[in-house]
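Novice:
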Amino acid sequence: MLTNKLSFLSALLTLMVQYATQASTLPVSSDRHYSNRFQVEQTLLLQDRFEQMQQNINAMQQRLGDKHPMLASLHEKLGMKLQESGRMKEARQHYRMALKISNSVYPSHHPQFIILNSRIGRSYFEEQDYSHANRYFSKAFAIMAQALGTAHEKTIHFLKRWSDIYMDEGLYEQAEPILTQTIALLEKQHPSINSAVAPFMKQLEQVYAHTQRTAQAHQIHKKIQLLKN
0 MLTNKLSFLS ALLTLMVQYA TQASTLPVSS DRHYSNRFQV EQTLLLQDRF
50 EQMQQNINAM QQRLGDKHPM LASLHEKLGM KLQESGRMKE ARQHYRMALK
100 ISNSVYPSHH PQFIILNSRI GRSYFEEQDY SHANRYFSKA FAIMAQALGT
150 AHEKTIHFLK RWSDIYMDEG LYEQAEPILT QTIALLEKQH PSINSAVAPF
200 MKQLEQVYAH TQRTAQAHQI HKKIQLLKN
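Residues in the sequence shown are numbered consecutively from 0, following numbering that gives the first Met the number 0.
Shown next, in the form of C-alpha cells:
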C-alpha cells in the first residue's frame with residue numbers, strides 16, 4: 000500500500016509540475032551574489048542541514064525583503080526535505096511561508112499555488128489526516144479548474160488521481176464523497192463527455208461492492224452500460 004501511496008503522490012505532483020507552463024517560480028537574478036547563495040542553500044538541503052538552511056533563509060530575507068520569489072522557492076524546497084524526513088508539521092510551516100510569499104507576487108491562478116496546496120495535502124495524507132488532506136487537494140483542484148476549466152484533460156486527470164489515492168489504499172469511506180461529487184459535477188457541466196465520467200462510476204461501483212451495497216452497485220453498473228451505448 001505504501002508503494003501505491005507514493006506512486007499516486009509522485010504522479011499527482013508530476014501533473015502539477017507539467018501544468019506549470021508559465022515562467023519559472025524562480026526568476027533569474029541579476030545579482031550574482033544571491034544566485035550563488037541559492038546554490039549554497041541547495042547544497043545544504045542535499046546534506047539535510049535543515050537548521051543552517053533556516054538561518055541562511057532568515058539572513059536572505061533580511062537582505063531581499065519578505066516578498067522575493069527566491070525565498071518562496073527555498074521555503075518550498077526546505078519543506079520538501081523536511082517532509083521526506085517525516086517532519087510534517089515543520090514542512091507545512093515552510094509550505095505556508097512559500098504560499099504567503101507567492102500570494103504577494105503571483106496571480107491567484109498561478110500553478111505554484113496548485114503545487115504548494117498539493118504538497119500540504121500530501122503531508123496531511125501521510126499523517127492519515129484525510130479531512131485536512133482533502134481540504135488542500137480541494138484548493139488545488141479549484142485553482143486548476145479556474146485556470147483550465149473542469150472539462151480540461153488535466154483537470155479530470157487530477158480528480159482521478161485524487162480518488163485513486165483512497166481507492167488504492169482501500170479507504171472506500173473517504174473515496175465515496177470524492178467520487179459522488181465528481182460524477183455530479185461532470186454530469187451537470189459536461190453531460191456529453193461519457194468517457195470522462197465512466198472511470199469515476201466504475202470506482203463508485205467498486206465502493207458499493209466492497210461495502211456490501213449490492214443494489215446501489217447494480218444500479219450504477221446499469222448506468223455504466225448505458226454510457227457505452
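Every residue, glycine too, gets a C-beta built ideally from N, C-alpha and C.
Going by the beta-carbon positions, is the gap between residue 208 and residue 214 smaller than 8 Å?
Specialist: For the purposes of this step, residue 208 is identified with residue 209 of the sequence shown, where counting begins at 1. For the purposes of this step, residue 214 is identified with residue 215 of the sequence shown, where counting begins at 1. Contact: no.
Novice: Which complete alpha helix (DSSP H) runs does the stretch 97-149 hold, if anything under 4 residues is left out?
Specialist: 110-125, 129-147
Novice: Quick test of the definition: if touching needs 3 or more C-beta pairs under 8 Å, does the stretch 170-178 touch the stretch 143-151?
Specialist: no
Novice: What do you get for residue 163, buried or exposed, if any count of 16 or more other CB atoms within 10 angstroms of its CB means buried?
Specialist: On the sequence shown, position 164 is the one that residue 163 refers to. Of the residues assessed, residue 163 falls on the buried side of the cut-off, its CB having 16 or more other CB atoms within 10 angstroms.
Novice: Just verifying my parser: in three-state terms, what is the DSSP assignment at residue 51?
Specialist: Along the sequence shown, one-based indexing puts residue 51 at 52. The answer is helix: DSSP assigns residue 51 an H, G or I state.
Novice: What's the gap between the Cα of residue 126 and the Cα of residue 87?
Specialist: Position 127 of the sequence shown, counted from the first residue, corresponds to residue 126. Position 88 of the sequence shown, counted from the first residue, corresponds to residue 87. Approximately 8 Å between the Cα atoms of the pair.
Novice: What is the rounded straight-line gap between the Cα of residue 187 and the Cα of residue 180?
Specialist: Position 188 of the sequence shown, counted from the first residue, corresponds to residue 187. Position 181 of the sequence shown, counted from the first residue, corresponds to residue 180. Near 11 Å, if we compare the C-alpha coordinates of residue 180 and residue 187.
Novice: Can you tell me which of the three DSSP states residue 220 falls into?
Specialist: Taking the first residue of the sequence shown as position 1, residue 220 is located at position 221. Three-state result, residue 220: helix.
Novice: I need the straight-line Cα distance from residue 121 to residue 158, nearest angstrom please.
Specialist: To locate residue 121, count along the sequence shown from 1; it is residue 122. To locate residue 158, count along the sequence shown from 1; it is residue 159. Whole-angstrom Cα-Cα distance: 15 Å.
Novice: Excluding the 5 residues flanking residue 219 on each side, which residues of the same chain have their C-beta closer than 8 Å to its C-beta?
Specialist: Counting from 1 along the sequence shown, the entry for residue 219 is found at position 220. Correct list, in chain order: 200, 203, 204, 207.
Novice: In the structure shown, what three-state DSSP assignment does residue 212 receive?
Specialist: By one-based count along the sequence shown, residue 212 stands at place 213. Of the three classes helix, strand and coil, the one that applies to residue 212 here is coil, per DSSP.
Novice: Within the same chain, show all residues whose beta-carbon is closer than 6 Å to that of residue 193, passing over the 5 residues directly before and after it, in chain order.
Specialist: Counted from its first residue, the sequence shown places residue 193 at position 194. Answer for residue 193: 226, listed in chain order.
Novice: Would residue 81 and residue 101 be called neighbours here (beta carbons separated by less than 8 Å)?
Specialist: Numbered from 1 along the sequence shown, position 82 holds the residue referred to as residue 81. Numbered from 1 along the sequence shown, position 102 holds the residue referred to as residue 101. In this structure, residue 101 does not lie closer than 8 Å to residue 81 by Cβ.
Novice: Go through its chain and collect everything with a Cβ distance to residue 98's Cβ below 6 Å, but skip five positions before and after it.
Specialist: Taking the first residue of the sequence shown as 1, we reach residue 98 at position 99. So the qualifying residues of the chain are 115.
Novice: To the nearest angstrom, report how far apart residue 165 and residue 62 are at their CA atoms.
Specialist: If you number the sequence shown from 1, residue 165 lands on position 166. If you number the sequence shown from 1, residue 62 lands on position 63. In a straight line, the C-alpha of residue 165 is about 44 Å away from that of residue 62.
Novice: Using only the alpha-carbon positions, how far apart do residue 211 and residue 170 sit?
Specialist: As a position in the sequence shown, residue 211 is number 212, starting the count at 1. As a position in the sequence shown, residue 170 is number 171, starting the count at 1. Residue 211 and residue 170: Cα-Cα distance of roughly 14 Å.
Novice: Ignore the nearest five residues each way along the sequence and tell me which others in residue 96's own chain have a CB closer than 6 Å to its CB.
Specialist: For the purposes of this step, residue 96 is taken as the residue at position 97 of the sequence shown. Here the set comprises 74.
Novice: From the DSSP output, in three-state form, read off residue 85 for me.
Specialist: Position 86 of the sequence shown, counting from 1, holds the residue named residue 85. Here residue 85 sits in coil by DSSP.
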